[in-house]
Amino acid sequence: MGAALGLEVLFTFYVGNNPFLLARLRVSAGGGLDGMAMRELPGRIRVAAIRRGAGPRGLEHPPRRDTTLAADDDAYLVGPYAELLEVLRHDREGGQAPVAGAP
Numbered sequence: 183m184g185a186a187l188g189l190e191v192l193f194t195f196y197v198g199n200n201p202f203l204l205a206r207l208r209v210s211a212g213g214g215l216d217g218m219a220m221r222e223l224p225g226r227i228r229v230a231a232i233r234r235g236a237g238p239r240g241l242e243h244p245p246r247r248d249t250t251l252a253a254d255d256d257a258y259l260v261g262p263y264a265e266l267l268e269v270l271r272h273d274r275e276g277g278q279a280p281v282a283g284a285p
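Going by this note's numbering, the sequence shown opens with residue 183, and the numbers climb by one from there.
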């Protein structure tokens, strides 16, 4: 389901019995992640690296808590599948910050 929505799963691993994913997400212009700071991401979601859409295309890693995402950035996210889908939905729909564990 995530791939159809724009979430490219790069790697799957387990933390204890919990599956986690490393995935790439392109930030939508005017979407819910455009302008969001790393500290605003929900629960267990972490950004491992950012490839900026504008300017030099090198990887920025690890981003700091005050680093903000911008349109056309490729964000490399790590977290549980359900939470990653919620972040993806938030980016596509815009609006308020995603809430960990929200349906």
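Virtual Cβ for every residue (Gly too), placed ideally from N, Cα, C.
The alpha helix (DSSP H) enclosing residue i, as first and last residue numbers
i, result
"L270", "263-275"
Cβ-Cβ distance between residue i and residue j below 7 Å
i, j, result
"H243", "A231", "yes"
"D273", "G235", "no"
"L203", "T194", "yes"
Per-residue burial, residue i [other beta carbons within 10 Å of its own, 16 or more giving buried]
i, result
"V281", "Caution is warranted here: a pLDDT of 47 is assigned to V281, below 50, making its placement in the model unreliable, and the coordinate value is therefore given only provisionally. That one is exposed."
"L266", "buried"
"G217", "exposed"
"Y258", "buried"
"G198", "exposed"
- Task: Identify every run of the beta strand (DSSP E) within the region 190-262, keeping only runs that are complete inside it and at least 3 residues long; order them along the chain.
- Result: 200-208, 228-233, 256-262
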